[in-house]
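Its first residue numbered 0, the sequence shown is counted upward by one per residue in numbering that gives the first Met the number 0.
Idealized CB from N, CA, C, for every residue including glycine.
The model shown is predicted, which means the values in this text are computed figures rather than measured ones.
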Amino acid sequence: MITVVWFRQDLRVHDQPLLHRAAALGAPVVPLYVLPAHWTVPGPEGEDRLGAPKSAFLEECLADLSLSLEALGLALVTVVASPVTLLDDWHQREPLQVVTAEADAPEEAQAIASLRARGLTVHEVGSRTLLAATALPWQGTFPATFSRFRRQVERHSGPFVDRPEGKPPALGSALAPPVPAGTKGVAPVLAQRRAGWQRCDKDYFSLPGGEQSARQWLQRYLFDARHIAHYKQTRNQLIGEGYSSRLSAALAWGCLSVRQIWHAILEYEQHYGANSHSYWLRFELLWREFFHWSLREHGVQSFCFTGLSDRQAEPPCLDSLAQRRWLAWQSATTGLPFIDASLRELLATGYVSNRGRQVLASFLVQDLGLDWRLGARWFERHLVDHDVASNWGNWAYIAGYGHDARGGRRFSPTREWWRHDPDASYLYYWLPELAGLSRAACLECHFRSVDQYHELAYPAPVISLPDSDRVVS
0 MITVVWFRQD LRVHDQPLLH RAAALGAPVV PLYVLPAHWT VPGPEGEDRL GAPKSAFLEE
60 CLADLSLSLE ALGLALVTVV ASPVTLLDDW HQREPLQVVT AEADAPEEAQ AIASLRARGL
120 TVHEVGSRTL LAATALPWQG TFPATFSRFR RQVERHSGPF VDRPEGKPPA LGSALAPPVP
180 AGTKGVAPVL AQRRAGWQRC DKDYFSLPGG EQSARQWLQR YLFDARHIAH YKQTRNQLIG
240 EGYSSRLSAA LAWGCLSVRQ IWHAILEYEQ HYGANSHSYW LRFELLWREF FHWSLREHGV
300 QSFCFTGLSD RQAEPPCLDS LAQRRWLAWQ SATTGLPFID ASLRELLATG YVSNRGRQVL
360 ASFLVQDLGL DWRLGARWFE RHLVDHDVAS NWGNWAYIAG YGHDARGGRR FSPTREWWRH
420 DPDASYLYYW LPELAGLSRA ACLECHFRSV DQYHELAYPA PVISLPDSDR VVS
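Set out below in structure tokens:
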């Protein structure tokens, strides 16, 4: 009997419950990462799940994990396959048991159920959330809004988050069974998908993937540079190094556990005192927690057009007009400077600010009139910090089909840009063709007509914004 530790979005060795459970089972270990084959082919919305920056980030995460496991005497196996098919094939060759994280999304739950149906023993371990599944603070139905969730979680000075388990345990190594003929390795597939993409140190999001990089950044952010001291005030900025935590990608791929970050913030508060800024970062971790437990509660309903609402509605038709708008979005040529700048950042780096994400989602749904799921899948393809629960939960919220729905949220692209890019440095960085214009002239670019198209080497707006968007202060 061998134990296969099946890594998914938990690519680390410190505070790694999977390794501790494997050690407790006593059998020799084979660490495994399976890149699901269906991630590389377009889904119903026409998008696959691996854009170039995301592929590069995952490549770096796996390289770092491989080195960390090698130091423990373990060799990481990485393949592109169906996890169920591969593990079942291995099980037929040699009896095994599987240790893996609790499922985040329905497709993961289905894979684990399929393995059990085929006779494999699967040990699910909590590794992705602050709260343990056995000690949830609410009774009965899941709280309908974040406010109710937070009140219940924070009762009695909570939440009570277990301390990180620390260094990995000693583990015996097993020889991995051979992979089926024709199975591709992950490294060449990711290298091909990243193509010629290279990280640019001048861009805001330039952190490489992997546990080592994430641990170093956490130390710098909290204790060396103490950027957290202004987090609540600066978190909605658009450009710069320390305005936000930049921990989302490390969380999304599990290079850091959420409880590592939680307790690091508590340590910061012990050294320097708690304030609204340190609390607000923990507040944002509670939003993540809310979406994770919501997805586990509602499952496939979270991916339907009407989401969690009881509204009767049909998805917008992707007719020729909608297709033109969608193509303009995909190519960052909507003619709306703040929208295009945000899309260019996303395409170039795999990242866009919290404020930029809200404005983009609002624009696609409320202004372009497109199906919100197109945007959610687009983000899933390109974001290096894509988290299925947070991404789809936030898109549904903006569209009016998520928690606390009030018919959706519209953010004015012009007002949001004017408020959060006071010197237009963000716009000039991502749209250098507008660098010769004043900030006021950049604002007017959002309202150009087709007749004014040739005045700049920049397209006319694909839609007309309402006149009220001209009022920015």
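{"Item": "Does DSSP put Ala100 in a helix, in a strand, or in coil?", "Value": "strand"}
{"Item": "What is the residue span of the alpha helix (DSSP H) that Leu189 lies within?", "Value": "185 to 193"}
{"Item": "Quick check on this structure: which residue in Ile397, Ala228, Val364, Ile338 has the alpha carbon closest to the alpha carbon of Arg414?", "Value": "Ile338"}
{"Item": "What are the boundary residues of the alpha helix (DSSP H) that Pro52 is part of?", "Value": "51 to 70"}
{"Item": "Give me the residue from Tyr400, Val79, Leu68, Arg147 with the minimum Cα distance to His297.", "Value": "Tyr400"}
{"Item": "So, with DSSP's three-state summary, where would you put Tyr230?", "Value": "helix"}
{"Item": "So Gly42 and His381 are in contact, right, with Cβ under 8 Å, and what is the actual spacing, rounded?", "Value": "At roughly 14 Å, the Cβ-Cβ gap does not stay under 8 Å, so Gly42 and His381 are not in contact."}
{"Item": "When burial is assigned at 16 or more other CB atoms within 10 Å of the CB, is His229 buried or exposed?", "Value": "exposed"}
{"Item": "Let me check one thing: in DSSP terms, what residues is Glu123 bridge-paired to?", "Value": "Thr99"}
{"Item": "Count the other CB atoms within 10 Å of the CB of Gln365; is the residue buried (16 or more) or exposed (fewer)?", "Value": "buried"}
{"Item": "In whole angstroms, give me the CA-to-CA distance for Pro421 and Leu317.", "Value": "36 Å"}
{"Item": "Going straight from the alpha carbon of Gly355 to that of Tyr425, what length do you get?", "Value": "11 Å"}
{"Item": "Whose CA, out of Ala395, His385, Tyr350, lies closest to the CA of Leu363?", "Value": "Ala395"}
{"Item": "Within 10 angstroms of the Cβ of Asn390, are there 16 or more other Cβ atoms? Answer buried if so, exposed if not.", "Value": "buried"}
{"Item": "Within this structure, are the beta carbons of Val97 and Leu86 separated by less than 8 Å?", "Value": "yes"}
{"Item": "Which full runs of the alpha helix (DSSP H) of 4+ residues lie inside the stretch 299 to 364, going along the chain?", "Value": "319 to 329, 336 to 348, 353 to 361"}
{"Item": "Locate the beta strand (DSSP E) running through Ala80, then write down its first and last residues.", "Value": "76 to 80"}
{"Item": "How is the beta strand (DSSP E) around Val387 delimited, first residue to last?", "Value": "Unbroken run through Val387 is the alpha helix (DSSP H), 387 to 398; no beta strand (DSSP E)."}
{"Item": "Taking its Cβ as the centre, do 16 or more other Cβ atoms sit within 10 Å of Thr99, making it buried, or is it exposed?", "Value": "buried"}
{"Item": "Whose C-beta lies closer than 6 Å to the C-beta of Thr233 among residues of the same chain, with five residues either side of it excluded?", "Value": "Tyr242"}
{"Item": "How far does the beta strand (DSSP E) with Pro30 in it reach, from first residue to last?", "Value": "28 to 35"}
{"Item": "Nearest CA to the CA of Gly349: which residue from Arg193, Ser212, Asp466?", "Value": "Arg193"}
{"Item": "Identify whether Thr2 lies in helix, strand or coil by the three-state DSSP scheme.", "Value": "strand"}
{"Item": "Would you list the one or two residues that DSSP bridges to Ser172?", "Value": "Val28"}
{"Item": "Which residues mark the beginning and the end of the alpha helix (DSSP H) in which Glu210 is found?", "Value": "210 to 218"}
{"Item": "Whole-angstrom Cβ separation of Gly157 and Pro136, contact assumed at under 8 Å?", "Value": "7 Å"}
{"Item": "Return the chain-ordered list of same chain residues with a C-beta closer than 6 Å to the C-beta of Leu31, the five sequence neighbours on each side being excluded.", "Value": "Val3, Trp5, Val76"}
{"Item": "Taking only the alpha-carbon atoms, compute the straight-line gap between Ser293 and Arg447 and give it to the nearest angstrom.", "Value": "42 Å"}
{"Item": "Does DSSP put Phe410 in a helix, in a strand, or in coil?", "Value": "coil"}
{"Item": "Can you give the Cα-Cα distance for Arg147 and Glu266, rounded to whole angstroms?", "Value": "27 Å"}
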